[in-house]
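Below is one structure, written out as structure tokens; the observations come after it.
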Amino acid sequence: MNESLIKENIVGARNFKSVFVTVVLILAGSGFFLAGLSSYLNINLLQITDTSEIKFIPQGIAMLFYGTGAIGIGIYLLLTIFWNIGSGYNEFSKNEEIVRIVRLGFPGKNRTIFLSYEFKNLKNLKFLIKQGLNPRCNILLVLKDKREIPLFPAQILLNPLETEKKAIQLSNFLQIPLESLVI
Numbered sequence: 701m702n703e704s705l706i707k708e709n710i711v712g713a714r715n716f717k718s719v720f721v722t723v724v725l726i727l728a729g730s731g732f733f734l735a736g737l738s739s740y741l742n743i744n745l746l747q748i749t750d751t752s753e754i755k756f757i758p759q760g761i762a763m764l765f766y767g768t769g770a771i772g773i774g775i776y777l778l779l780t781i782f783w784n785i786g787s788g789y790n791e792f793s794k795n796e797e798i799v800r801i802v803r804l805g806f807p808g809k810n811r812t813i814f815l816s817y818e819f820k821n822l823k824n825l826k827f828l829i830k831q832g833l834n835p836r837c838n839i840l841l842v843l844k845d846k847r848e849i850p851l852f853p854a855q856i857l858l859n860p861l862e863t864e865k866k867a868i869q870l871s872n873f874l875q876i877p878l879e880s881l882v883i
């Protein structure tokens, strides 16, 4: 960290959790697909188990359907990992008095998402904690026109203490108030 510049890299889809879920979905989906196909063809395509007891209607067709769905979602996740969707950086510059938020999106004409805001348009930072069944916390950049821009993907900042320290550091650097919100 520099006295006049903070640049934080954001990890996108290329993380252990995404890779693990993708591998599990593709392997499990392939197993379901092959079991359903085995019941249709009356040939055992899975060597690790006996699929001769499975009737095509209704079990085989359901397994074929769920296997196809899991493989499809697995391929989608594999492509997001390959393209590294969501990666980028946040840059806070005191010299230029500007905040830059850069992220990679899906391939195409507008693949790179580039947002920049001048310090004079910043209202405050909001430290958000959501409790309940799916707890999460994040830091939001609040603009004077009441827009709230999340600075980090929800899955990155899980520890509220670390997130609070980061929010305080950014608030002091940007010299704007910090609002804490617990939902």
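Residue numbers (the working numbering): 701 to 883.
We put the CB at the ideal spot given by N, CA and C, even for glycine.
Close-in-space but distant-in-sequence residues of the same chain around residue i (CB under 7 Å, 5 per side omitted)
| i | result |
| --- | --- |
| Phe852 | Ile710, Asn838, Ile839 |
| Gly760 | Gly736, Ser739, Tyr740, Ile754 |
| Tyr766 | Phe732 |
| Leu878 | Asn824, Leu825, Phe827, Ala867, Ile868, Ser871 |
| Glu818 | Glu797, Ile798 |
| Ala770 | Leu725, Ala728, Gly729, Phe732 |
| Leu734 | Leu745, Leu746 |
Residue i burial status per 10 Å Cβ neighbour count (16 or more: buried)
| i | result |
| --- | --- |
| Asn742 | exposed |
| Thr722 | buried |
| Ser880 | exposed |
| Ile693 | Outside the shown range of the chain (701 to 883) lies residue 693, about which nothing can therefore be said. |
| Phe792 | buried |
| Leu705 | exposed |
| Ser816 | exposed |
| Ser718 | buried |
| Gly772 | exposed |
| Leu764 | buried |
Residues near residue i in its chain [Cβ-Cβ closer than 6 Å; skip 5 each side]
| i | result |
| --- | --- |
| Val842 | Lys823, Asn824, Lys826, Glu848 |
| Asn790 | Glu708, Ile801, Leu851 |
| Lys844 | Asn821, Lys823 |
| Phe756 | Ser739, Tyr740 |
Where residue i sits in the DSSP three-state scheme
| i | result |
| --- | --- |
| Gly769 | helix |
| Lys717 | helix |
| Glu879 | strand |
| Leu874 | helix |
| Ser787 | coil |
| Phe827 | strand |
Endpoints, beta strand (DSSP E) assigned at residue i
| i | result |
| --- | --- |
| Thr812 | 812-818 |
| Glu796 | Run containing Glu796: none; DSSP gives neither H nor E here. |
| Val711 | Counting along the chain, Val711 falls outside any beta strand (DSSP E), and DSSP gives it neither H nor E. |
| Phe806 | Careful: Phe806 lies outside any beta strand (DSSP E) and carries neither H nor E. |
CB contact check: residue i to chain C, cutoff 8 Å
| i | result |
| --- | --- |
| Asp845 | The structure shown contains no chain C; it is built from a single protein chain. |
8 Å CB neighbourhood of residue i in its chain, flanking five on each side removed
| i | result |
| --- | --- |
| Arg803 | Ile710, Gly712, Gly786, Ser787, Gly788, Thr812, Ile813 |
| Asn795 | Ser704, Leu705 |
If you scan the segment 739-785 from start to end, which runs of the alpha helix (DSSP H) of 4 or more residues do you find wholly inside it? 761-783
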